[in-house]
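What the sequence shown shows, in the numbering used here, is residues 1 to 186, in sequence order. Okay, structure first, notes after.
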Amino acid sequence: MKIFRHFLTITKHRNKVMFHCFRAGLVWRGLTHDLSKYLPSEFIPGAKYYQGNRSPQAKERELFGYSAAWLHHKGRNKHHFEYWVDSGANNSFVFVKMPAVYFGEMVCDRVAASKIYLKDKYTDASPLEYFNTRTNKQGMNEQTCKDLEYFLTMLSEQGEECMFKELKKFIKENRRAERAAKKKAD
Numbered sequence: 001m002k003i004f005r006h007f008l009t010i011t012k013h014r015n016k017v018m019f020h021c022f023r024a025g026l027v028w029r030g031l032t033h034d035l036s037k038y039l040p041s042e043f044i045p046g047a048k049y050y051q052g053n054r055s056p057q058a059k060e061r062e063l064f065g066y067s068a069a070w071l072h073h074k075g076r077n078k079h080h081f082e083y084w085v086d087s088g089a090n091n092s093f094v095f096v097k098m099p100a101v102y103f104g105e106m107v108c109d110r111v112a113a114s115k116i117y118l119k120d121k122y123t124d125a126s127p128l129e130y131f132n133t134r135t136n137k138q139g140m141n142e143q144t145c146k147d148l149e150y151f152l153t154m155l156s157e158q159g160e161e162c163m164f165k166e167l168k169k170f171i172k173e174n175r176r177a178e179r180a181a182k183k184k185a186d
């Protein structure tokens with residue numbers, strides 16, 4: 001039964017993210033969101049540690065001190081800020097600013113995850129509360145962190161319609177700037 005419930009949960013989540021990505025102008029990101037969750041390396045532990053009210057990766061992490069499914073997932077899905085960590089000089093870490101399309105997908109992902117796990121307890125303040133209490137901001141690029149807090153605060157204070165409208169504009173403007181910077185570097 002856990003297999004079926006896990007399948008339903010990740011599929012509901014994907015559908016919510018897809019809907020949110022469409023609202024933010026990220027059609028391709030919405031269509032391809034979290035496909036790796038259906039691969040055996042993520043799906044099997046997800047079903048095995050399924051609880052329904054939080055990520056199965058949290059349970060796997062409690063049992064083993066890490067989550068192999070999470071390591072697989074974050075290494076293949078660019079909408080997680082943890083993907084954007086590189087190694088620098090002297091064994092240091094470099095926290096790279098997320099490109100706009102993946103940043104936008106991350107915002108959509110966080111809103112959808114809050115809705116899925118909190119169900120009827122969800123409010124527009126829920127994603128910001130999660131960000132403030134349970135996100136390791138030390139592992140995130142400073143600008144990405146500021147931008148994420150800005151949009152989650154906007155959601156909390158002004159609602160989805162306003163936030164998605166501004167997020168769509170942010171993505172469009174930043175993609176234009178990213179392309180110009182890349183063209184200049186080439």
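A virtual CB, placed ideally from N, CA and C, is assigned to each residue, including glycine. Computed from a predicted structure; not experimentally measured.
Going by CA-CA distance only, name the one from G104, A47, E42, L63 that's closest to Y150. G104
Residue ranges of each alpha helix (DSSP H) run of no fewer than 4 residues wholly in the stretch 93-128, ordered along the chain? 100-118
Mind checking whether P89 and N174 have CB atoms under 7 Å apart? Note that residue 89 is Ala in the sequence shown here, rather than Pro. Their beta carbons are not under 7 Å apart, which means A89 does not touch N174 by this criterion.
Inter-residue Cα distance where the pair is V96 and E82: 9 Å
Run through DSSP, which three-state label would D147 get? helix
Where do the N-terminal and C-terminal ends of the beta strand (DSSP E) with S87 fall, by residue? 85-87
Taking L128 and T153 to be in contact with their CB atoms under 8 Å, please state how far apart those CB atoms are, rounded to whole angstroms. 6 Å
Exposure label - E142; buried when at least 16 CB within 10 Å: exposed
Report the three-state DSSP secondary structure of H33 (helix, strand or coil). coil
Taking 7 Å as the threshold (C-beta atoms), are S36 and H79 in contact? no
For the putative contact between Y50 and R5, defined by C-beta atoms under 8 Å, what is the C-beta separation to the nearest angstrom? 6 Å
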